[in-house]
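Chemist: Take this structure first; my questions come after.
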Amino acid sequence: MSEIVTAIYEDGILRPTHPLNLREKQRVRIQVWTEEAGDAVERVIQELVDTQLLTPPSGHPEGEPVSAKERRELAETLGRTPGHPLSAIIIEERDQW
């Protein structure tokens, strides 16, 4: 399972802003982004959405991160697609601009 959560650093401890679906004493890996770094990433993603170079997956509210499971499922689906590889399709589509 992969999830992006917001936490607050307080007295040497990261405190999530909402409950996490974890077992007691379960080990996790954490990548820390400050709000500023996270804001920059969100601004880039929003710019891509605004220019229609990126669209949120169907059934996903805008701004909500795509889970690792959803990315994996999409990659598997695209990998089974007959015809040109995705990179070739993207290049062909860019020629239409």
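Residue numbers 15 to 111, in our numbering, belong to the letters of the sequence shown in order. Idealized CB from N, CA, C, for every residue including glycine.
Assign Glu24 to one of three DSSP states: helix, strand, or coil.
Modeler: Glu24: strand per DSSP, three-state reduction.
Chemist: What does a CB cutoff of less than 8 Å around Val19 pick up in its chain, not counting 5 residues either side in sequence?
Modeler: Once the five neighbours on either side are set aside, the close Cβ partners of Val19 are Pro30, Thr31, His32 and Leu34.
Chemist: Ala82 and Ser16 look like a contact to me (Cβ under 8 Å); what is the Cβ gap, rounded to whole Å?
Modeler: Confirmed, Cβ separation roughly 3 Å.
Chemist: Does DSSP put Ala43 in a helix, a strand or coil?
Modeler: Note that residue 43 is Arg in the sequence shown, not Ala. DSSP places Arg43 in coil when its eight states are reduced to three.
Chemist: DSSP state of Arg37, grouped into three classes?
Modeler: DSSP places Arg37 in coil when its eight states are reduced to three.
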